[in-house]
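Data first, discussion second: the structure below is written as structure tokens.
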Amino acid sequence: QTPFSVCSQSCPLGFRKTPVEGKPFCCFDCLLCPDGEIANETDMDQCIKCPEDQYPNTQRNQCLPKITDFLFHEDTLGAVLVFVALSFSAFSAMILRLFICYRDTPIVRANNRNLSYLLLVSLMLCFFCSLIFIGQPKTVTCVLRQMIFGVVFSVAVSTILAKTFIVVVAFKAIKPGSALKMSMVIRLSNTIVFCGSIIQVCICAVWLGTYPPFPDVDMHSEFGQIILWSNEGSTFAFYCVLGYLGFLASLSLLIAFLARRLPDSFNEAKTITFSMLVFFSVWISFVPAYLSSKGKTMVAVEILSILASSAGLLGCIFLPKCYVILMKSGDHSRKKFFK
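Take the sequence shown: its position 118, counting from 1, is numbered 120 in the numbering used here, and each next residue is one higher.
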């Protein structure tokens, strides 16, 4: 029998030749191509690296195109988040209608009903703004979603701060000999809302003018996927927006805590305190979850935080009032609302 002129079999597709030390050059081992590389011919000396927008198949003999991935409306997670956001928006609208129908009742008139209207509208917009986070990231949506989120949330938290301020000051204004008047208290509360919101607008304007958010591509975090996401641009500016919201919420919590011993009649201090604790719990949990997630999971974490904190404010502040209005009012009043 004629002897073989080589001491190794041919290397198949997906493998490369590597010399065997101490043996003739015709002797070699076949090694599987490393991650991200292929061998589309037999007996290749070197594997070929796939382009960034492609990945190797399991046999390492062919490059396949990566799948584009982002949080879209047709996705199960995206559809659930849209449903939850729209449901809470509709619920906010129902509570707003209830408050308008009962605008002359003591529980609605107490603590400035106009602030209650503004808070309900801002919470409704908070639920709606979460919808901008769903869909393919584009320059406009990347900029709008963080700016709208920051400004609308600052309006909501500033309104809560103003309501907390009224709880404390109103009881002093009604004391005999007090120099404060309720008209002055209302003007001060409106100033709090305006100033608290305009500062956030300025922060967002600086962010937008220096290093705004932009659509970005991540080709390496997930195998076989191209992740489309919104780069925040300036991470520092993003956390400044969150930090300012935390500052407003801290003031509200502090003032509400100081007002806890005031008379209970229409005193919102306890409900505001609880709502701020829920708010802090959500956003403190958000930071580590946001930093440890990638792609559409990161987007879903922010949406869930927006929905959870908004729902916490809505439920803690307004549900007790709705119970009093609907359960403790006369049958005629209830029929008026459900008519």
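Every residue gets a Cβ at the ideal spot worked out from N, C-alpha and C, and that includes glycine.
If the criterion is Cβ atoms closer than 8 angstroms, does the pair residue i and residue j meet it?
i	j	result
GLN61	GLY16	yes
PHE90	PHE129	yes
PHE167	ILE257	yes
VAL86	SER124	no
TYR104	ILE327	yes
CYS206	VAL153	yes
PRO214	VAL145	yes
LEU121	PHE101	no
PRO1	GLU39	Coverage of the chain is limited to positions 3 through 341, which leaves residue 1 absent and any answer about it impossible.
ASN233	PHE216	yes
Could you work out which residue in the options is closest to residue i when comparing CA atoms only?
i	options	result
SER191	VAL159, ILE150 and ALA41	VAL159
ARG189	THR161, ILE205, TYR213 and GLY211	THR161
ALA251	GLU234, ILE200, SER311 and THR299	SER311
PHE93	VAL326, PHE320 and CYS13	PHE320
GLY169	VAL142, ASN114 and GLY198	Per the sequence shown, residue 169 should be read as Val rather than Gly. When each option's Cα is compared against that of VAL169, the closest is ASN114.
ASP344	TRP231, TRP209 and VAL153	Any property of residue 344 remains undetermined from this structure, which presents the chain solely from 3 to 341.
GLN56	ALA239, GLU224 and PHE259	GLU224
ASP220	PRO214, THR299, PHE288 and ILE229	ILE229
PHE155	ASN116, ILE200 and LYS68	ILE200
MET300	GLY80, GLU39 and LEU66	GLY80
LEU342	VAL142, THR143, VAL187 and LYS140	Lying outside 3 to 341, the shown extent of the chain, residue 342 is not represented and no answer is given.
PHE240	CYS204, GLN148, PRO67 and CYS65	GLN148
ARG111	ALA261, LEU210 and LYS165	LYS165
LEU306	VAL82, CYS29, PHE238 and CYS35	VAL82
PHE1	ASP106, MET329, ILE109 and GLN202	Missing from the structure shown is residue 1; the chain here goes from 3 to 341 and no further.
Report the rounded CA-to-CA distance for residue i versus residue j, giving the unit in angstroms.
i	j	result
THR20	LEU293	42 angstroms
PRO53	ILE308	38 angstroms
LYS323	SER132	26 angstroms
VAL303	ALA313	15 angstroms
GLN11	ASP37	24 angstroms
PHE282	LYS272	16 angstroms
THR275	SER254	8 angstroms
MET278	LEU315	7 angstroms
LEU247	GLU76	32 angstroms
ASP33	LYS25	According to the sequence displayed, residue 33 carries Leu and not Asp. Looking at the two C-alpha atoms, the distance is approximately 17 angstroms.
CYS13	ASN63	12 angstroms
LEU163	ASP71	40 angstroms
ILE69	ILE50	21 angstroms
VAL289	VAL243	13 angstroms
VAL284	GLY317	14 angstroms
ARG426	LEU73	Only positions 3 to 341 of the chain appear in this structure, which leaves residue 426 out of reach.
ILE97	GLU270	17 angstroms
GLY297	MET46	36 angstroms
VAL208	LEU127	23 angstroms
ASN42	LYS140	37 angstroms
CYS29	GLU23	9 angstroms
Kindly identify the DSSP beta-bridge partner or partners of residue i.
i	result
LEU230	VAL219
LEU34	PHE17
GLN48	Its beta-bridge partners do not exist; DSSP assigns none.
GLU39	LYS51
ILE69	GLN227
GLN56	PRO67
- Item | Uninterrupted alpha helix (DSSP H) stretches inside the region 97-169 (no shorter than 4 residues) | 108-111 and 115-131
- In chain order, which continuous runs of the alpha helix (DSSP H) of length 4 or greater are located wholly inside the region 256-307? Assignment of alpha helix (DSSP H) within the region 256-307, counting only whole runs of 4 or more residues, yields 271-293 in chain order.
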